Structure formats: structure tokens, C-alpha cells
Amino acid sequence: MLKIKKSLILVIPCILALTVGCSSDTDENGDTKVVIGGLVDLTGDLASIGQPFEQAMRLAELEINAAGGIHGLELTIDARDTQLSAERAVELAGELVASGVKAIAGEIASGISMAVATEVSKPNKILQCAGSSTSPAI
192 MLKIKKSLIL
202 VIPCILALTV
212 GCSSDTDENG
222 DTKVVIGGLV
232 DLTGDLASIG
242 QPFEQAMRLA
252 ELEINAAGGI
262 HGLELTIDAR
272 DTQLSAERAV
282 ELAGELVASG
292 VKAIAGEIAS
302 GISMAVATEV
312 SKPNKILQCA
322 GSSTSPAI
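Under our numbering, the first residue of the sequence shown is numbered 192, with each subsequent residue one higher.
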């Protein structure tokens, strides 16, 4: 439970920051929800950190939707398991962008966050928030 609480301290501000640019109506496709991608290590060497992060994202999703969503739109988190692999994270981030996510939360490892930002988020102009990545290069 303590890990989830610590993860919430990092995840909730990140999720809220990612929602700032979301519109108050339906999007260009007529969707009535805002989808944010999540990149977390659920099965790799940092799974003991990634799993509570994913749980914290789900809790934030529930709490935001219980409070009316984002400008009345339902929030959906599409979390993907990076397996602590930069190559896999870049591939998954590309899939998330192709699916139309508004932003990406994660990854928990700085090197992976930087790879995703360089290869996917920045070129596609997708906001990325990596609340636990601590590299000064970020």
C-alpha cells in the first residue's frame, strides 16, 4: 500500500498535467473520451515499481472520472508493459500515438523515457510526462 501511495504522489500530478491541453468537447474524431497512454515496466527488473505505478494510474483514472472527467470527457488510461526495454517502449509508444492518445505518461526509467521522447513523443508533438525519471538530461 505504501508503494501505491508513493506512486500516487508522482502519477496524479503527471496525469493532471497531461490533461491540461485536452478540449472540453468531443475530439476531431467525435470521441467523448480522452485517452492517455501509459508506459510502465510491469514484468521487467523494475516491475516492483512499475506495478504500483500502473495501479496509481488506474486509481487516478477512477478518481478523475468520478469527479466528472476532463471537461466532461471520460479519461481512459491505456497502459502498456515496456518490460524495461527501450526498444519495446519506443514500439509501444508508436502504437499509442497511432491509436490517437493525447499524451503519454511514463516510463519510469530515465533512459527509456528519453528514448521514447526522442523517437516518438517529440517528433509527433505528443506531450510526455515521466514523473519518476530523474536524469538531469530530461
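For glycine and all other residues, C-beta sits at the position ideal for the given N, C-alpha and C.
None of these values were measured; they are calculated from a predicted model.
Straight-line gap, residue i to residue j (C-alpha atoms, nearest Å)
i	j	result
Val231	Thr325	15 angstroms
Glu265	Ala294	15 angstroms
Ala277	Gly297	12 angstroms
Ser214	Gly221	Residue placement at Ser214 cannot be trusted, given a pLDDT of 43 that sits under 50; the coordinates are not used to answer.
Arg279	Arg271	10 angstroms
Val311	Asn256	28 angstroms
Ile227	Val292	5 angstroms
Leu275	Ile303	8 angstroms
Ala289	Pro327	29 angstroms
Ala321	Glu252	17 angstroms
Glu254	Thr273	25 angstroms
Pro243	Ser323	12 angstroms
Gly224	Ser239	The displayed chain sequence assigns Lys, not Gly, to residue 224. C-alpha separation (whole angstroms): 30 angstroms.
Gly241	Val281	17 angstroms
Assumed close pair residue i, residue j - CB separation to whole angstroms, cut-off 8 angstroms
i	j	result
Leu237	Ala300	6 angstroms
Ile268	Gly229	5 angstroms
Ile306	Gln319	The residue asked about is misnamed: residue 306 is Ala in this sequence, not Ile. So it is not a contact: roughly 11 angstroms between Cβ atoms.
Residue i - partner residues in DSSP beta bridges
i	result
Ile227	Ile268 and Ala294
Mind the definition here: the region 236-251 touches the region 303-317 only if three or more C-beta pairs lie below 8 angstroms; say whether that holds.
-> no
Is the region 254-266 close to the region 279-289, with three or more CB pairs under 8 angstroms?
-> no
Where in the region 243-317 do unbroken runs of the alpha helix (DSSP H), each at least 4 residues long, occur, reported from the N-terminal end onward?
-> 277-290 and 301-307
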